[in-house]
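Structure, as structure tokens:
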Amino acid sequence: MTKICELYEYINRIAPFDSAQTWDNSGLLLGDADLPCHCVLLALDITEDTVKQAKECSADLVITHHPVIFRPLSALSYHTPIAELISSKISVISAHTNLDIAVDGVNDALCRALNLQDLTSVKETPFLKLGTLPAAMKASEFAAQAARLLKSDCTSYTRGEKLLHTVAVCSGAGGEFFKEVVESGADAFFTGELKYHELLEFQRAGVAVIQAGHRETERVYKEDLAKKLSEQFPQIPFYTAQEENLLTGV
1 MTKICELYEY INRIAPFDSA QTWDNSGLLL GDADLPCHCV LLALDITEDT VKQAKECSAD
61 LVITHHPVIF RPLSALSYHT PIAELISSKI SVISAHTNLD IAVDGVNDAL CRALNLQDLT
121 SVKETPFLKL GTLPAAMKAS EFAAQAARLL KSDCTSYTRG EKLLHTVAVC SGAGGEFFKE
181 VVESGADAFF TGELKYHELL EFQRAGVAVI QAGHRETERV YKEDLAKKLS EQFPQIPFYT
241 AQEENLLTGV
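Here the working numbering is used: position 51 in the sequence shown is 51, and no number is missing along the way.
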């Protein structure tokens, strides 16, 4: 019988929880480490639909990227996904920033999905990867290619005719790394989302920006992690949640 603590320990080996940022909340956030684990659902977030899918596949553990509990709870309604998980005795392990920066973690998976080559880390910033495009292309061409590869219907880019060779990559939201991206000499910055003032900073610095959606740049990890877990725990079925985009175009 496999226990939840065994899956936790495996994730801790490939993406140590103590490498998570101090502001983060990663680990076994809901449930009991000594409970048996018979089925697992992998998801980006805990939502009502995620909980429904977990119950449909009889999962007793959900592994998420975004923490199921991020800010301290001051009250808890019975009609929330967390309360539903508790009543259904479904545990949750959240692997957030520790999985972002892990070897073969979220950022590496995103770079592979984009077909970037010659990957390196940007200085001492583990959240940033630097890669080269197989062939030089304009921002519009790279954005179209990325949208197709990531199945993203919310990809946008800054206009320009400059040919791009090198790309700095950060899954999710990477606006805080403006200085590091510019100093890396990258022609473009690929991320999930930027604030408006951050976008202006990159424009002034002459760095092209491609945004493909927060969720779209992070969901690439689910299949990779499911495969690794399946190889490590072949006796347990692993499912990946079907998670729809929060926004849609008009």
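The C-beta atom is built at its ideal place from N, Cα and C for all residues, glycine as well.
Non-local C-beta neighbours of Ala241 in its own chain, meaning closer than 7 Å and more than five positions away in sequence, comprise Leu41, Leu42, Ala43, Thr50, Gln53, ordered along the chain. Per DSSP, Gly172 has no beta bridge partner at all. Measuring C-alpha to C-alpha distances from Val167 to each of Asp60, Tyr221, Ala20, Pro134 identifies Pro134 as the nearest. A residue is called buried once 16 or more other Cβ atoms fall within 10 Å of its Cβ, and Pro81 is buried on that count. Take Cys57, set aside five residues on each side of it, and the residues of its chain with a beta-carbon closer than 8 Å to its own are Cys39, Leu41, Pro237, Tyr239, in chain order. For Lys222, the closest C-alpha among the options Val62, Leu30, Trp23 is that of Val62.
At a Cβ-Cβ threshold of 7 Å, Ser74 and Leu29 do not count as neighbours. Judged by their CB atoms, Leu194 and Gly175 are nearer to each other than the 7 Å cut-off. For Lys3, the closest of Gly27, Asp34, Ser26 by C-alpha to C-alpha distance is Asp34.
Under the 8 Å Cβ criterion, the region 227-234 does not count as touching the region 202-211, having fewer than three qualifying pairs.
Non-local beta-carbon contacts of Ala113 in its own chain, meaning distances under 7 Å to residues more than five positions away in sequence, involve Leu149, Leu150, Val220 in chain order. If you check the CB distance, Ala15 and Asn98 come in under 7 Å. In this structure, Gly31 and Ser91 form a Cβ contact; the two beta carbons are roughly 2 Å apart against a cut-off of 8 Å.
Unbroken beta strand (DSSP E) runs of no fewer than 3 residues, entirely contained in the region 156-228, are found at 164-173, 188-193, 208-211, following chain order.
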